[in-house]
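Comments concern the structure below.
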Amino acid sequence: MELVILQEARKELLLRAGSGRPAQGYLLGRQTGPGLFVEKVMPLTWNELLKPETLVLVEQNQGLDVLGVFSLNSRPESRRKLLRPLFAGKVFLSITVNSRGEIKPRARLIEFNRQFYFKPLSRIILEVETEDG
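In terms of my numbering, the sequence shown opens at residue 1001 and continues consecutively.
Here is the structure:
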């Protein structure tokens, strides 16, 4: 499975990563075959994004599926909060920023087989703008 982060979502993630502050929220988009296409991100507090009613409300209002959760510069123990039925089959995208200001994304699928665990995704694609001419 591939995670494709489209331009609008990529720009929002870069902007938030540039602030240096922790942030988290939903990845919104569509699944097409083996690809998950992230069209938008919706920043939320951990308390809000863990509520099932928030997930349902966001999907209804945005007209997009919640594909998973992103986390920027968050503490490692935060990801354990996602190991629950609400997020089974969804993606967890953790993003760190190196000393040169470049982002380093790492995506995992939340799976269940007698217990919840993270399974690495095969590939992350960041869509970038191309210049004409």
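We put the CB at the ideal spot given by N, CA and C, even for glycine.
| Asked | Found |
| --- | --- |
| State buried or exposed for E1012, treating a residue as buried only when at least 16 other CB atoms are found within 10 Å of its CB. | buried |
| Determine, using beta-carbon pairs with one atom in the stretch 1097-1113 and one in the stretch 1043-1050, whether at least three such pairs fall under 8 Å. | no |
| If you reduce the DSSP assignment to three classes, tell me which class R1010 lands in. | helix |
| When burial is assigned at 16 or more other CB atoms within 10 Å of the CB, is L1015 buried or exposed? | exposed |
| Between V1069 and F1037, which are expected to be in contact by the criterion C-beta below 8 Å, what is the C-beta distance as a whole number of angstroms? | Incorrect: roughly 16 Å between the Cβ atoms, too far for contact. |
| Does Y1172 pass the burial test, meaning 16 or more other C-beta atoms within 10 Å, or should it be called exposed? | Nothing in the structure corresponds to residue 1172, since the chain is present only between 1001 and 1133. |
| Are the C-beta atoms of R1021 and some chain D residue less than 8 Å apart? | You won't find chain D in this structure, because it holds only one protein chain. |
| The alpha helix (DSSP H) spanning P1120 covers which residue range? | Note, P1120: premise wrong, no alpha helix (DSSP H); beta strand (DSSP E) at F1116 to P1120. |
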